[in-house]
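Enquirer: Numbered according to the working numbering, the sequence shown terminates at residue 439, and the numbering increases by one at each position without gaps. First the structure, which I've put down as structure tokens, then a few questions once you've had a look.
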Amino acid sequence: MRISVIGTGYLGAVHAACMSSLGHEVVGYDTDSAKVETLSRGVSPFFEPEFEELLQSALATGQLRFTSSAEEAVRGAKLHFICVGTPQQLGSDAADLRFVDAAVQTVADLADCDGLIVGKSTVPVGTAQRLADRLGGAPRLELAWNPEFLREGKAVRDTLHPDRLVFGVTSQHAEKSLLEVYGTIINDGTPYITTDLATAEMVKVAANSFLATKISFINAMAEVCEVANADVVTLSQALGYDERIGRRFLNAGLGFGGGCLPKDIRAFSARAGELGASDALTFLREIDKINMRRRDKVVAVAGAMLGGDFLSKNVAVLGAAFKPNSDDVRDSPALNVAAAMHLKGAAVRVHDPRAIPNARLRFPTLTYCPIIEDACRNTDLIVLATEWDEYRNIDPRTFLSIAREPRLLDARNAVDHDFWSEAGWQVYALGRGVLNA
Ligand code: NAD
Numbered sequence: 003m004r005i006s007v008i009g010t011g012y013l014g015a016v017h018a019a020c021m022s023s024l025g026h027e028v029v030g031y032d033t034d035s036a037k038v039e040t041l042s043r044g045v046s047p048f049f050e051p052e053f054e055e056l057l058q059s060a061l062a063t064g065q066l067r068f069t070s071s072a073e074e075a076v077r078g079a080k081l082h083f084i085c086v087g088t089p090q091q092l093g094s095d096a097a098d099l100r101f102v103d104a105a106v107q108t109v110a111d112l113a114d115c116d117g118l119i120v121g122k123s124t125v126p127v128g129t130a131q132r133l134a135d136r137l138g139g140a141p142r143l144e145l146a147w148n149p150e151f152l153r154e155g156k157a158v159r160d161t162l163h164p165d166r167l168v169f170g171v172t173s174q175h176a177e178k179s180l181l182e183v184y185g186t187i188i189n190d191g192t193p194y195i196t197t198d199l200a201t202a203e204m205v206k207v208a209a210n211s212f213l214a215t216k217i218s219f220i221n222a223m224a225e226v227c228e229v230a231n232a233d234v235v236t237l238s239q240a241l242g243y244d245e246r247i248g249r250r251f252l253n254a255g256l257g258f259g260g261g262c263l264p265k266d267i268r269a270f271s272a273r274a275g276e277l278g279a280s281d282a283l284t285f286l287r288e289i290d291k292i293n294m295r296r297r298d299k300v301v302a303v304a305g306a307m308l309g310g311d312f313l314s315k316n317v318a319v320l321g322a323a324f325k326p327n328s329d330d331v332r333d334s335p336a337l338n339v340a341a342a343m344h345l346k347g348a349a350v351r352v353h354d355p356r357a358i359p360n361a362r363l364r365f366p367t368l369t370y371c372p373i374i375e376d377a378c379r380n381t382d383l384i385v386l387a388t389e390w391d392e393y394r395n396i397d398p399r400t401f402l403s404i405a406r407e408p409r410l411l412d413a414r415n416a417v418d419h420d421f422w423s424e425a426g427w428q429v430y431a432l433g434r435g436v437l438n439a
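This is how it looks when you write it as structure tokens:
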């Protein structure tokens with residue numbers, strides 16, 4: 003099938019390459035011509051495991067192209083995936099839908115044959131119906147919503163082998179088109195659910211709200227563990243054995259960030275308010291607050307470990323990306339903590355295996371070190387802020403001679419604390435407290 007993908011950021015670029023690998027002819031369009039040029043050369047504008055290889059092989063078949071011409075992408079396509087951003091509005095919790103509105107309008111203006119517009123961006127419930135109401139005339143364009151659940155760091159696998167597909171449609175014809183475009187994935191056994199537009203939109207924001215709630219739940223338990231001298235790591239292990247609860251997303255730490263969860267739960271609350279159901283989601287505000295409090299907690303613990311004063315102290319922050327296996331620094335807890343300590347007077351050096359270029363753009367005043375040892379040299383404190391595997395492999399015995407003071411604040415409960423303590427480090431782990439003195 004001939005497909006257009008409107009918006010080729012994290013979601014759209016991966017989606018375009020994956021759809022092409024399934025045998026479709028795909029043209030990706032983005033208003034950012036630098037991104038188009040990079041993708042066209044087979045270079046990924048972001049770090050995403052497996053993506054660049056897939057991109058290059060898809061480009062080599064001639065079945066995948068990227069363009070800055072909307073017309074070139076839209077004309078001749080039977081299905082148009084809308085993958086543009088839906089950031090938080092400035093000064094409000096609501097989603098900024100300008101890009102989605104513009105993308106749908108572009109397709110409506112340029113389409114030269116009947117087709118289906120398929121929204122993948124995460125939008126407030128009611129958006130799809132509002133957009134569908136605007137479509138009309140000839141050629142005949144229908145609208146469907148097919149929310150995306152991919153995780154950065156596992157985006158290719160999640161796109162090609164998703165847990166489920168959700169099709170929000172208003173006609174059998176739309177469902178048939180989606181079954182056709184995802185035929186290979188469905189034949190592999192992926193379950194799919196066909197529903198109305200509003201429910202499809204809700205599935206995505208409800209899933210993100212649930213995940214955010216689970217993370218903040220264990221972080222709230224961590225807060226209590228810290229004052230009760232209990233151990234949140236053991237607590238989550240014990241909770242996780244209960245099948246009704248499950249172990250995943252129960253890792254206490256610095257909390258969630260990134261380009262999705264924070265803005266999605268805020269936009270969901272804002273939308274519920276507009277619909278007169280704000281009481282139903284007041285708990286999401288608490289989830290957000292618990293999450294943001296973790297960042298303050300790490301800064302406070304860091305200060306205490308440094309004797310109450312950040313001035314003249316060298317601090318290494320390990321991690322800049324909002325999570326491992328990604329170079330995405332949007333709303334990164336690690337960078338927020340690094341910047342806060344820097345503002346308090348510490349000399350902060352940040353290491354990250356992949357995210358330094360993006361981090362430097364957002365926080366140019368911080369110092370960045372591509373080598374872990376350089377970041378940790380002569381430090382008074384190491385803060386482990388993103389749980390990259392590299393950090394689990396650090397040998398605390400060799401790092402003893404690098405640091406000025408052997409202090410580790412493990413904000414992700416990522417390393418073997420006994421190993422570090424035995425090597426002579428003072429270790430503070432979030433939700434476990436000081437593990438030795
Ligand atoms: P992004 O900012 O990386 O990409 C958005 C792209 O859209 C940019 O390249 C931008 O230039 C382009 N764009 C904006 N307006 C355009 C227009 N009118 N026409 C063509 N291109 C346009 O964002 P993202 O992370 O890919 O997220 C996109 C959407 O997918 C959001 O709604 C997000 O919530 C959702 N989502 C993202 C992920 C993720 O992990 N990143 C996962 C699931 C869902």
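Every residue, glycine too, gets a C-beta built ideally from N, C-alpha and C. Since we're looking at a predicted model, the values are computed, not measured.
Whole angstroms are fine: how far does the CA of W390 sit from the CA of S123?
Expert: 28 Å
Enquirer: Note down, in chain order, each residue of its chain lying with its Cβ closer than 7 Å to the Cβ of T201, except the 5 sequence neighbours on either side.
Expert: G170
Enquirer: Mind checking whether the beta-carbon of I289 lies closer than 7 Å to any heavy atom of the ligand NAD?
Expert: no
Enquirer: Using a Cβ-Cβ cut-off of 6 Å (strictly less than) and excluding sequence neighbours within five positions of P335, which residues of its own chain qualify?
Expert: L256, G257, G259, R297
Enquirer: Rounded to whole angstroms, what's the CA-CA distance from I5 to A357? Just pull it up for me.
Expert: 32 Å
Enquirer: Once the 5 residues before and after W427 are set aside, which same chain residues still bring their CB inside 6 Å of it?
Expert: P398, P408, L410
Enquirer: Just tell me which of P193, L241, A240, V127 has its CA closest to the CA of L199.
Expert: V127
Enquirer: Using the Cβ count rule (16 or more neighbours within 10 Å means buried), how would you classify E203?
Expert: buried
Enquirer: Taking the straight line between their C-alpha atoms, what separation do you get for Q239 and E154?
Expert: 25 Å
Enquirer: Which parts of the stretch 330 to 364 are runs of the beta strand (DSSP E), unbroken and 3 residues or longer, counting only runs that do not cross its ends?
Expert: 349 to 353
Enquirer: Look up Y194 in the DSSP assignment and give the residues it is bridged to.
Expert: DSSP lists L167 as partners of Y194.
Enquirer: Is the CB-CB distance between A341 and K315 below 8 Å?
Expert: It is not a contact, given that the beta carbons lie outside the stated cut-off.
Enquirer: What residue range does the alpha helix (DSSP H) around S328 cover?
Expert: Neither: S328 is in no alpha helix (DSSP H) and is coded neither H nor E.
Enquirer: Can you tell which of F312, I267, V300, G310 has the C-alpha that lies nearest to the C-alpha of D290?
Expert: I267
Enquirer: So, at 8 Å on beta carbons, what are the nonlocal neighbours of S22 in its own chain, with the 5 sequence-adjacent residues on each side left out?
Expert: V28, A60, T63, Q65, L66
Enquirer: With distances taken between CB atoms, is the gap from L112 to E52 smaller than 8 Å?
Expert: no
Enquirer: At which residues does the alpha helix (DSSP H) containing F101 begin and terminate?
Expert: 100 to 112
Enquirer: Taking only the alpha-carbon atoms, compute the straight-line gap between H419 and A254 and give it to the nearest angstrom.
Expert: 15 Å
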